[in-house]
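**Q** In this text, residue positions in the sequence shown follow UniProt numbering: the first is 1, and each later residue adds one.
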Amino acid sequence: MAYSSDGQRIISGGDDWRIRIWDAETGTAIGQPLSAPIGQIKSIAYSQDGQHIVSVNADKTVSSWDVSGTSLLKTACDRLRYHPSLDDPKTDVAREAKQTCEQYVWEK
């Protein structure tokens, strides 16, 4: 579970292979769940601008999602160990560390 940077939305993911977006004030689901054949969601993060989500899945792949279009943008096939980080407000970059300590940088 993660909050958007403005605190207005919450994202959640879990055993049902879906990511849901919630109104933080009312607890009401917003739109349809984001779903794709990616497996159980283990970790999740919002971008600073609230337009993208990155999830780490049970098979340790990482997926990038477009919130406005509610679509899966891409999935990295390398196995990852750590939680997604979308904390750079200037470049909105997702970084992940592989078991070999390499880093991936995805830009919009």
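Built from N, CA and C at the ideal position, the CB exists for glycine as well.
On the three-state DSSP scale, how would you describe D23?
**A** The residue you call residue 23 lines up with position 23 of the sequence shown. Residue state, collapsed to three classes: strand.
**Q** Please state if the CB of S5 and the CB of Q48 are separated by a distance shorter than 8 Å.
**A** Taking the sequence shown and counting its residues from 1, one reaches residue 48 at position 48. Taking the sequence shown and counting its residues from 1, one reaches residue 5 at position 5. It is a contact, given that the beta carbons lie within the stated cut-off.
**Q** Tell me G39's beta-bridge partners as DSSP assigns them.
**A** The count along the sequence shown starts at 1 and reaches residue 39 at position 39. For G39, which the question treats as bridged, DSSP gives no partner whatsoever.
**Q** One question on the structure: do V54 and V67 come within less than 8 Å of each other, judged by their Cβ atoms?
**A** In the sequence shown, the residue the question calls residue 54 occupies position 54. In the sequence shown, the residue the question calls residue 67 occupies position 67. For V54 and V67, no; Cβs fall outside 8 Å.
**Q** My understanding is that A2 touches I44, with C-beta atoms under 8 Å, so please give their C-beta distance in whole angstroms.
**A** Start at 1 with the first residue of the sequence shown, and residue 2 comes out as number 2. Start at 1 with the first residue of the sequence shown, and residue 44 comes out as number 44. That pair is a contact at about 5 Å.
**Q** Go ahead and label G13 buried or exposed: buried means 16 or more other beta carbons lie within 10 angstroms of its beta carbon, across all protein chains shown.
**A** Here residue 13 corresponds to residue number 13 of the sequence shown, with the count starting at 1. By the 10 Å Cβ count, G13 comes out buried.
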